[in-house]
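In this note's numbering, the protein residues as written are 28 to 297.
By construction, the Cβ of each residue, glycine as well, lies at the ideal position given by its N, Cα and C atoms.
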């Protein structure tokens, strides 16, 4: 079995962050491990509080895992501030995991900022050069590229991806869920070999909490198993689409996607 580590924040409602990562890891057949960077108080309606952990305990968690267990891939999510970014970057530069997928978590779906603005430069300078794959949504890609992308065509999206590649990251998958196209959602993958577009019908779904976290953790799981980047993106996108289509009507806001729908034999949760 492959072992995949998530370095991210905790979501008390279980829909995103570390909790979503563990579900995606299990659903995709890998053993999941965690390094918690922050504890959030949140539910389906939004984030109400955040407690960022000390960088020393973040580093200690990474050391504990790598010093004892083979790590086949790492997924990075919420890092919260520059001190934690630096601690994670130092540790990963030392341990050199074979696969590193970075989801540049900056703002929650509710609009709550999850990365301090002053930490963005640290993210770009210290962690992006270590990443094999970066998975920004459109607002995050705008921040990282300095380009307006809300109504961008494929050529402009690719240009933004090329600009992000200049940071040293291996490949960029810009997620199209925030685009204004009412009929389809298109993700574009940009790497040294060119660009590829992955389209899917846009689902009229309310329960989409945790989609970004789950996509990046699924990609880490699939890449750990040796899939090509193209195959991993196709399979991960299909898995997430199914999870969205069968999202769980939990709470009074935006519920989580269903990570285990296929394991229930098509039956909905009660």
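query                                                                                                                                 : result
Per-residue DSSP class, three states only, for residue 27                                                                             : Missing from the structure shown is residue 27; the chain here goes from 28 to 297 and no further.
Reduced DSSP secondary structure (H/G/I, E/B, other) of residue 74                                                                    : strand
Enclosing beta strand (DSSP E) for residue 36 [first to last residue]                                                                 : 30–38
Simplified DSSP assignment, three categories, for residue 216                                                                         : strand
Contacts around residue 31, its chain only, beta-carbon distance under 8 Å, and the 5 residues preceding and following it disregarded : 52, 57, 58, 59, 60, 98, 99, 100, 101, 102, 244, 247, 248, 251
Run of the beta strand (DSSP E) containing residue 123, from where it starts to where it stops                                        : No beta strand (DSSP E) contains residue 123, which DSSP labels as neither H nor E.
Residues near residue 142 in its chain [Cβ-Cβ closer than 6 Å; skip 5 each side]                                                      : 133
Same chain, Cβ closer than 7 Å to residue 145, five either side skipped, listed in chain order                                        : 109
Rounded C-alpha distance that separates residue 209 from residue 180                                                                  : Bear in mind that the predicted position of residue 209 carries a pLDDT of just 47, short of 50, making it unreliable; the figure below should be weighed with that in mind. Near 14 Å, if we compare the C-alpha coordinates of residue 180 and residue 209.
Continuous alpha helix (DSSP H) assignments of at least 4 residues falling wholly in the segment 140–215                              : 165–172, 181–192
Distance between residue 168 and residue 176 (C-alpha atoms, nearest Å)                                                               : 8 Å
Residues sharing a beta bridge with residue 226, DSSP                                                                                 : 213
Nearest candidate by alpha-carbon position, reference residue 122, set 107, 93, 130                                                   : 93
Cβ pair residue 227, residue 212 closer than 8 Å                                                                                      : yes
Own chain residues within Cβ distance below 8 Å of residue 96, not counting five before or after                                      : 30, 60
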